[in-house]
Amino acid sequence: MPSNPITTEERTLPVTESKEHITSPSLKGNASELRDLEAGLDNLQSDTGRKHGIEWKRVLLPVAALVVLILAWQFYVSLGFKRRDLVPGPLDVLTQFVTMWGEGKVQEAVWTSLQRGVIGFLISVVIATPVGLILAQVAPLRRAFGPLISGLQVLPSVAWVPAAIIWFGLTDATVYFVVFMGAIPSIINGLISGVDQIPPHYRSVGTVLGANRLQMALQIVLPAALPGYIGGLKQGWAFSWRSLMAAEIIAVGGTIGFGLGSLLDQGRLLSDMTIVMSAILLILFVGILIELLVFGPIEKRLLQRRGLLAGSSR
Amino acid sequence: MPVVLENLGKRFGDGAPVLDDVNATIAQGEFVALLGASGCGKSTLLNIMAGLEPPTSGALEVPSDGAAFMFQDAALFPWLTARGNIELALQLADKTSTKASRRERATELLELVHLGGAGDKRPHELSGGMRQRVALARSLAQDRQLLLMDEPFAALDAITRDLLHDELERIWKETGRTIVFVTHNVREAVRLGQRVLLLSSRPGRVVAEWDVTEEHRTDAGRAGELTGVITRRLREEIRRHAK
Chain A
3 MPSNPITTEE
13 RTLPVTESKE
23 HITSPSLKGN
33 ASELRDLEAG
43 LDNLQSDTGR
53 KHGIEWKRVL
63 LPVAALVVLI
73 LAWQFYVSLG
83 FKRRDLVPGP
93 LDVLTQFVTM
103 WGEGKVQEAV
113 WTSLQRGVIG
123 FLISVVIATP
133 VGLILAQVAP
143 LRRAFGPLIS
153 GLQVLPSVAW
163 VPAAIIWFGL
173 TDATVYFVVF
183 MGAIPSIING
193 LISGVDQIPP
203 HYRSVGTVLG
213 ANRLQMALQI
223 VLPAALPGYI
233 GGLKQGWAFS
243 WRSLMAAEII
253 AVGGTIGFGL
263 GSLLDQGRLL
273 SDMTIVMSAI
283 LLILFVGILI
293 ELLVFGPIEK
303 RLLQRRGLLA
313 GSSR
Chain B
358 MPVVLENLGK
368 RFGDGAPVLD
378 DVNATIAQGE
388 FVALLGASGC
398 GKSTLLNIMA
408 GLEPPTSGAL
418 EVPSDGAAFM
428 FQDAALFPWL
438 TARGNIELAL
448 QLADKTSTKA
458 SRRERATELL
468 ELVHLGGAGD
478 KRPHELSGGM
488 RQRVALARSL
498 AQDRQLLLMD
508 EPFAALDAIT
518 RDLLHDELER
528 IWKETGRTIV
538 FVTHNVREAV
548 RLGQRVLLLS
558 SRPGRVVAEW
568 DVTEEHRTDA
578 GRAGELTGVI
588 TRRLREEIRR
598 HAK
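Here the protein sequences line up with chains A and B, keeping their order.
Residues 3 to 316 in our numbering are what the first sequence spells out, letter by letter.
Residues 358 to 600 in our numbering are what the second sequence spells out, letter by letter.
Take a look at the structure:
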């Protein structure tokens, strides 16, 4: 390194600092060398996309867990502590299931419930999204309605069933009303908490870039809040599915069709545990299926694109 | 159009003033480095100039179309690609622009910061230096005469920072922007600024000013000397608060 003409005053500074000055004015090298240096750093420091194949552990572990659970169930039943008609074994339930499938009962119940659940959920999304966005963006409205929305989320939506039956009778409207009352508050809450978690500088950037209120809401706040919003949607689906089952169990007859809840209630009336168990397992199965096929992939893709998935145990 | 700050003051609530009687004039096309210790209100001053916060007293004159702003962390939107981030800035700056024209302009800007091949990457796939270059391209996309930069290279490693200094200087010369560059790094201030303003701490006020001439740029010794002088003055300013 060439020595630097240092003035007497300068010696009072620590040596390291005055050495630094030598390279101060600009980087040595011609323009193309600098570009190569830059390109080299870019390649070294940026993420090279890693591709994954199918991870068998993800498929095999849950299947293994399921097999273990069924074996434990069978083992418990074969010990013979309880009467077989009160606690049927896996094979009894499977036989009943196959019989009902043959009669077309399973398909009808799943289709009726799933259709209602999905339609009710989608309408809830359409209602809850703008409401949630407005509440999150307008502070006085949020202060006014926030506690009410949180309260509604805690209130079990089954509590609306008697009111709905009085208002709408035994029709589909009753079922949908209960689904709405379950799903809408939780989607709104999810969206609001998603908005709360947005790093504040995103809004500053939006302001600096010249976004007006609507652009801020739609192009910055909504996408930034998307992870929380998806969480809210997931919870909203869970609430609508639960509320739907509750409504179907309580409100039977009239023009209300035959859903999974109705199947469950029928099993109770007939005192047939195999029907009851089949219905419970079907309800559970539909829930798992929706999570695996709809929400899981959406969430994973969303987090992956934002680089938020590294190190998670998904 | 110059930027004029006149007796500018800022306090938050009833607290002690953060900025007090700040006076400065910045000519069009000038590159000014605003230097100060951490916590001296540099960022607050920049926010006021950007219109993000109102001053509590005094007056300021900035171009009527506002200012472009570059933050310390790149603050890119993670749901958009590098190109998408730039295109969003273009769209918000000019609502009437067409998609094709935005795409074309974004490509130009990416080329300008030497990131032509990285347009489709997402922020988390880029290095810190690349993110800052995308952020620089985004602030240029705003097409404002005044560009405010808040310690944009503070979190970068030394080699990357040196490269970005060269790049910023080149872009400044190519685009003729007025740049106010906030930093606490004396070397960086001397390296980049045509003029270095020193802001005191609590309250922040412009207490000293140095011109960085062409001679300082070509002669490492002269630059080192000036850096030494400014460093001593800055340390003096910090030591005042020891008591």
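Yeah, the Cβ is synthetic: ideal placement off N, Cα and C, and Gly gets one too.
- Task: Determine which residues of the region 227 to 245 of chain A have a Cβ less than 8 Å from any Cβ of chain B, and write them out in chain order.
- Result: Taking 8 Å as the cut-off between beta carbons, the residues of the region 227 to 245 of chain A near chain B are Leu228, in sequence order.
- 7 Å Cβ cut-off: residues of chain A touching B:His598: The sequence position of residue 598 of chain B within the second sequence is 241, counting from 1. Correct list: empty, because the minimum Cβ distance to chain A is about 20 Å.
- Whole angstroms is fine: what's the gap from A:Ile129's alpha carbon to A:Asn214's? Position 127 of the first sequence, counted from the start, is the residue given in the question as residue 129 of chain A. Position 212 of the first sequence, counted from the start, is the residue given in the question as residue 214 of chain A. Each residue's alpha carbon lies about 23 Å from the other.
- Task: Check distances from the C-beta atoms of the region 32 to 49 of chain A to those of chain B and list, in chain order, the residues that come in under 7 Å.
- Result: From the region 32 to 49 of chain A, only Leu36, Arg37, Leu39, Glu40, Leu43, Asp44, Gln47, Ser48 and Asp49 have a Cβ closer than 7 Å to chain B.
- Query: Is the beta carbon of A:Ala248 sitting closer than 8 Å to the one on A:Val140?
  - Reply: By one-based count along the first sequence, residue 248 of chain A stands at place 246. By one-based count along the first sequence, residue 140 of chain A stands at place 138. Result no, Cβ atoms of A:Ala248 and A:Val140 do not sit closer than 8 Å.
- Message: Give me the subset of the region 536 to 551 of chain B whose CB atoms are less than 8 Å from a CB atom of chain A, sorted by chain position.
- Response: Arg544, Val547 and Arg548
- Exposed or buried, A:Arg303, counting other C-beta atoms within 10 Å across all chains shown (16 or more means buried)? Reading the first sequence from its first residue, position 301 is the one you call residue 303 of chain A. By the 10 Å Cβ count, A:Arg303 comes out exposed.
- Query: Out of A:Val100, A:Pro202 and A:Phe287, which has the shortest C-alpha to C-alpha gap to A:Ile277?
  - Reply: In the first sequence, the residue the question calls residue 277 of chain A occupies position 275. Closest option to A:Ile277, Cα to Cα, is A:Val100.
- Own chain residues within Cβ distance below 6 Å of B:Ala546, not counting five before or after: One-based indexing of the second sequence puts residue 546 of chain B at position 189. So the qualifying residues of the chain are Ala390, Leu392, Thr540 and Val553.
- Query: Given a threshold of 16 other Cβ atoms within 10 Å of its Cβ, counted over all protein chains shown, does B:Asn442 qualify as buried or as exposed?
  - Reply: Position 85 of the second sequence, counted from the start, is the residue given in the question as residue 442 of chain B. With 16 or more other Cβ atoms within 10 Å, it is buried.
- Determine, using beta carbons only, whether A:Asp267 and A:Val254 come nearer to each other than 8 Å. Locating residue 267 of chain A in the first sequence gives position 265, where the first residue counts as 1. Locating residue 254 of chain A in the first sequence gives position 252, where the first residue counts as 1. Judged by beta-carbon spacing, A:Val254 lies within the 8 Å limit of A:Asp267, meaning their Cβ atoms are closer than that value.
- Query: Cβ atoms of B:Phe426 and B:Ala446: under 8 Å apart, would you say?
  - Reply: Translated into the one-based positions of the second sequence, residue 446 of chain B becomes position 89. Translated into the one-based positions of the second sequence, residue 426 of chain B becomes position 69. No, Cβ-Cβ distance for B:Ala446 and B:Phe426 is not below 8 Å.
- Query: Going by alpha carbons, who is nearest to B:Glu526 out of B:Gly386, B:Val360 and B:Gly366?
  - Reply: Within the second sequence, numbered from 1, the residue matching residue 526 of chain B stands at position 169. Comparing Cα-Cα distances from B:Glu526 to each of B:Gly386, B:Val360 and B:Gly366, the minimum goes to B:Gly386.
- Can you grab the Cα-Cα spacing for the pair A:Trp239 / A:Ala74, in whole Å? Within the first sequence, numbered from 1, the residue matching residue 239 of chain A stands at position 237. Within the first sequence, numbered from 1, the residue matching residue 74 of chain A stands at position 72. If you take the alpha carbons of A:Trp239 and A:Ala74, they lie about 31 Å apart.
- Do B:Pro420 and B:Arg501 have their C-beta atoms within less than 8 Å of each other? Sequence index remark: in the second sequence, residue 420 of chain B carries index 63 (1-based). Sequence index remark: in the second sequence, residue 501 of chain B carries index 144 (1-based). In terms of Cβ geometry, B:Pro420 and B:Arg501 form a close pair [threshold 8 Å].
- Task: Closer than 8 Å by beta-carbon distance: list the chain B residues that pair up with A:Arg308, in chain order.
- Result: By 1-based counting over the first sequence, the position of residue 308 of chain A is 306. Going along chain B in sequence order, the residues near A:Arg308 (Cβ under 8 Å) are Pro435, Trp436, Arg479 and His481.
- Query: Quick one: does the C-beta of B:Thr413 sit closer than 7 Å to a heavy atom of the ligand SAH?
  - Reply: Questions concerning the ligand SAH fall outside what the structure shown contains, since it holds no ligand whatsoever.
- Query: A:Ile24 by DSSP, collapsed to three states: which one?
  - Reply: Start at 1 with the first residue of the first sequence, and residue 24 of chain A comes out as number 22. The pLDDT assigned to A:Ile24 is 38, lower than 50, so where the model puts this residue is not dependable, and the model offers no usable value.
- Message: Am I right that B:Asp378 and B:Gln429 are in contact with their C-beta atoms under 8 Å? What's the rounded C-beta distance?
- Response: Taking the second sequence and counting its residues from 1, one reaches residue 378 of chain B at position 21. Taking the second sequence and counting its residues from 1, one reaches residue 429 of chain B at position 72. Contact doesn't hold; Cβ gap of about 26 Å is too wide.
- Have a look at A:Ile125 and A:Phe182 and give me their C-alpha separation to the nearest angstrom. Here residue 125 of chain A is taken as the residue at index 123 of the first sequence, counted from 1. Here residue 182 of chain A is taken as the residue at index 180 of the first sequence, counted from 1. Cα-Cα distance, rounded: 8 Å.
- According to a CB-to-CB cut-off of less than 9 Å, which residues of the region 197 to 228 of chain A neighbour chain B? Residues are counted here when their Cβ sits less than 9 Å from a Cβ of chain B; for the region 197 to 228 of chain A these are Pro201, His203, Tyr204, Ser206, Val207, Gly208, Thr209, Val210, Leu211, Gly212, Ala213, Asn214, Gln217, Gln221, Ile222, Pro225, Ala226 and Leu228, given in chain order.
- Item | Test: B:Ile516 CB closer than 8 Å to a CB of chain A | As a working note, residue 516 of chain B is residue 159 in the second sequence. Yes, because at least one Cβ of chain A sits closer than 8 Å to the Cβ of B:Ile516.
- Message: Between which two residues does the beta strand (DSSP E) holding B:Trp567 run?
- Response: The count along the second sequence starts at 1 and reaches residue 567 of chain B at position 210. Element bounds for B:Trp567: Val563 to Asp568.
- Query: Touching or not, the region 510 to 522 of chain B and the region 31 to 43 of chain A, by the rule of three or more beta carbon pairs under 8 Å?
  - Reply: yes
- Item | Contacts that B:Leu449 makes with chain A (C-beta to C-beta distance below 7 Å) | Locating residue 449 of chain B in the second sequence gives position 92, where the first residue counts as 1. Result: Leu211, Gly212, Ala213 and Gln217.
- Can you check DSSP and say which residues form a bridge with B:Met427? The count along the second sequence starts at 1 and reaches residue 427 of chain B at position 70. Looking at the DSSP output, B:Met427 sits in a beta bridge with B:Met506.
- How would you write the range of the alpha helix (DSSP H) that A:Val207 sits in, first residue to last? Mapped onto the first sequence, residue 207 of chain A falls at position 205. That run of the alpha helix (DSSP H) goes Pro202 to Leu211.
- Exposed or buried, B:Gln499, counting other C-beta atoms within 10 Å across all chains shown (16 or more means buried)? To locate residue 499 of chain B, count along the second sequence from 1; it is residue 142. Buried is the call here.
- For A:Tyr231, count neighbouring Cβ atoms within 10 angstroms of its own Cβ and tell me buried if that reaches 16, exposed if not. As a first step, residue 231 of chain A must be located in the first sequence, where it is residue number 229. It counts as buried.
- Message: To the nearest angstrom, how far is the alpha carbon of A:Asp325 from that of B:Leu402?
- Response: Since the displayed chain A opens at 3 and closes at 316, residue 325 of chain A lies outside it and no answer follows.
- Message: Between the region 145 to 157 of chain A and the region 79 to 91 of chain A, can you find at least three pairs of beta-carbon atoms closer than 8 Å?
- Response: no
- Task: Scan the region 493 to 513 of chain B for residues whose Cβ lies nearer than 7 Å to a Cβ of chain C and list them as they occur along the chain.
- Result: The question asks about chain C, but that chain is absent: this structure's protein chains are A and B.
- Task: Rank A:Leu116, A:Leu96, A:Val95 and A:Thr176 by C-alpha distance to the C-alpha of A:Val160 and give the top, closest one.
- Result: As a first step, residue 160 of chain A must be located in the first sequence, where it is residue number 158. When A:Leu116, A:Leu96, A:Val95 and A:Thr176 are compared, the shortest CA-CA separation from A:Val160 is found for A:Thr176.
- Query: Cα separation between A:Gln47 and A:Pro229?
  - Reply: Within the first sequence, the letter at position 45 stands for residue 47 of chain A. Within the first sequence, the letter at position 227 stands for residue 229 of chain A. Their backbone Cα atoms lie some 27 Å apart in a straight line.
- Message: Beta-carbon within less than 7 Å of B:Arg495's beta-carbon, same chain only, minus the 5 sequence neighbours each way: which residues are those?
- Response: Counted from its first residue, the second sequence places residue 495 of chain B at position 138. Contacts found: Asn442, Ile443 and Ala446.
- Query: Is it the case that the Cβ atoms of A:Arg205 and A:Ile222 are separated by a distance below 8 Å?
  - Reply: Your numbering for residue 205 of chain A matches position 203 in the first sequence. Your numbering for residue 222 of chain A matches position 220 in the first sequence. In this structure, A:Ile222 lies closer than 8 Å to A:Arg205 by Cβ.
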